[in-house]
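A.B. asks: In this note's numbering, the protein residues as written are 215 to 701. Here a beta-carbon is modelled for each residue, glycine too, at the ideal position from N, C-alpha and C.
1. Can the beta-carbon of residue 679 be found less than 9 Å from the beta-carbon of residue 451?
2. On the three-state DSSP scale, how would you describe residue 690?
3. For the beta strand (DSSP E) holding residue 448, just list the boundary residues, first then last.
4. Assign residue 571 to one of three DSSP states: helix, strand, or coil.
5. Go through its chain and collect everything with a Cβ distance to residue 524's Cβ below 8 Å, but skip five positions before and after it.
6. Inspect the beta-carbon positions of residue 697 and residue 668 and report whether they are closer than 9 Å.
7. Residue 736 lies in the beta strand (DSSP E); which residues open and close that run?
8. Quick check: residue 662 and residue 622, are their CB atoms within less than 9 Å of each other?
9. How would you label residue 593, buried or exposed, when you count the other beta carbons within 10 angstroms and need 16 or more for buried?
10. Can you name the start and end residues of the beta strand (DSSP E) that residue 367 belongs to?
11. Quick one: what's got a C-beta closer than 6 Å to residue 270's C-beta in the same chain, skipping five residues either side?
12. Where does residue 357 land, buried or exposed, given buried means 16+ other C-beta within 10 angstroms?
13. Output the distance between the C-alpha atoms of residue 612 and residue 422, rounded to the nearest integer angstrom.
14. Could you name the residues that DSSP lists as bridge partners for residue 420?
15. Could you give the distance in angstroms between the alpha-carbon of residue 689 and the alpha-carbon of residue 569?
16. Buried or exposed: which applies to residue 704, given that a residue is buried once 16 or more other Cβ atoms fall within 10 Å of its Cβ?
17. Just the Cα atoms here: how many angstroms apart are residue 351 and residue 314?
18. Compare the Cα-Cα distances from residue 686 to each of 519, 565, 443, 572 and report the closest residue.
19. Can you say whether residue 641 is buried or exposed, counting buried as having 16 or more other CB atoms within 10 angstroms of its CB?
20. Residues bridged to residue 473 by DSSP?
21. In whole angstroms, what is the alpha-carbon distance linking residue 619 and residue 492?
22. Taking the alpha-carbon positions, what's the residue 180 to residue 562 distance?
23. If you run the structure through DSSP and keep just helix, strand and coil, what is residue 680?
24. Going by alpha carbons, who is nearest to residue 526 out of 486, 506, 354?
25. Which whole-angstrom value describes the C-beta separation of residue 406 and residue 426, a residue pair presumed to lie in contact below a C-beta threshold of 8 Å?
26. Roughly how many angstroms separate the alpha carbons of residue 481 and residue 449, rounded to a whole number?
27. Exposed or buried, residue 566, counting other C-beta atoms within 10 Å across all chains shown (16 or more means buried)?
28. Out of curiosity, what's the CA-to-CA distance linking residue 694 and residue 649?
29. Using only alpha-carbon positions, find the residue among 317, 338, 615 that is nearest to residue 384.
30. What are the boundary residues of the beta strand (DSSP E) that includes residue 319?
31. Among 607, 440, 652, 446, whose alpha-carbon lies nearest the alpha-carbon of residue 660?
32. Can you look up residue 468 in the DSSP assignment and give me helix, strand or coil?
33. Just mark residue 699 as buried or exposed, buried being the case when its beta carbon has 16 or more other beta carbons within 10 Å.
34. How long is the line joining the alpha carbons of residue 312 and residue 411, rounded to whole angstroms?
35. So, under 8 Å CB-CB, residue 478 and residue 554 are touching, yes? Tell me the CB distance rounded to an integer number of Å.
36. What did DSSP end up calling residue 428 once you bin it into helix, strand or coil?
This is how it looks when you write it as structure tokens:
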């Protein structure tokens, strides 16, 4: 187990050190959002960073029917510089097409081999996306315009979270906005601020199933996350629920583990600490690790054990860091109580982390496939059943929770664009998506999460969760109690 933990930490270290984007560009807003997408035609802001663009790996068709990347393919030009007026800003009248960039994970099996994870059988995520595109096109497309998909892969072995490293994200943005001119982009798992900022500055709509710690207070008009809440809502909800359940008993000493990045510091200082203080609690210790000192994860276990830390929050979007910490803790016979939520990927922990570490884990969750795994058909929402039926027809294994999560994410992001666009009789634009998306309020029926609410100051949708507990009998996580609001 310790060897597997070391492999994961090595992967985290390699990925973090592999970033080529300057720190100022990476950390302007943590992994969240910065800048504002212009509602006018033609965003012309310059981008930070010096990564080269590339069109390799792009597939699909452009709205004109031409192959993507032809005629303007880049192999060495920097992404920095101004972009042409009108890129991605508007789409013509009904009856035509709308170009949508679609990211899809590649080499998932490589990540599984590297980490030694078992019981995970990744499917063909590109085929999943195409099945959803075909379904939406069969229902009139987006505002009467057929989706012309433009696919771009990202290597899940190249980042601490399976969303692609900074270099890959910048190349993806160049492929979507310079080599090709898409109206919108969807991503099924996670993204970072490099891609978010790049698309915002190009005026490209971005619907993202992003489990990262984005900052909802730094908003862009183009960015939407239908299934994940701003951590400024989810972390206080987690602490409130755990406090109500007497999770923090007399004599509790609370610690937090996090990668020392601006977005984690924001969650720590603006969400977790105030939420604990509301209940008369405080952090009694922290472990912060960096790309230059990933071994701090292992040293932190001894630090917490010696300090008598009884309850631990792992501020980890994606689950790899949670697994690495728990494996190291088990090797030192340190077994605190863990406070988790969907971002820790509970179903992954149940399958990979030591059961003794999870024995006293509790939390909240808002995405069943990431929390408890594949649900029985009777427990699926009508939207979820419909989505999984569509993707299953593409010969994809819907008994695997990872495949289910990716399939539901494609349904959610693409269906959100369809619903936000509405009729759009004349022009489909960034402004029409913004107006339509915010106008959905609580009426949008999400896929993959319990409920969603949008508004003028809210582009992150998830609005409800359930209590979550690890069951030692089945060595699995289970929901307890009804759905409740997280704001």
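C.D. replies: Based on what the coordinates show:
1. yes
2. strand
3. First-last for residue 448: 445 to 458, but that is the alpha helix (DSSP H), not the beta strand (DSSP E).
4. helix
5. 465, 466, 467, 468, 550, 551
6. no
7. There is simply no residue 736 to check, as the chain begins at 215 and stops at 701 in what is shown.
8. yes
9. exposed
10. 360 to 369
11. Residue placement at residue 270 is poorly supported in this model, since its pLDDT is 45, which falls under 50; the coordinates are not used for a value here.
12. buried
13. 21 Å
14. 399, 437
15. 6 Å
16. Residue 704 is absent from the structure shown; the chain starts at 215 and stops at 701.
17. 12 Å
18. 572
19. exposed
20. 503
21. 34 Å
22. This structure does not reach residue 180, given that the chain is present from 215 up to 701, and the question cannot be answered.
23. strand
24. 486
25. 7 Å
26. 8 Å
27. buried
28. 37 Å
29. 317
30. 311 to 320
31. 440
32. strand
33. exposed
34. 22 Å
35. At roughly 16 Å, the Cβ-Cβ gap does not stay under 8 Å, so residue 478 and residue 554 are not in contact.
36. coil
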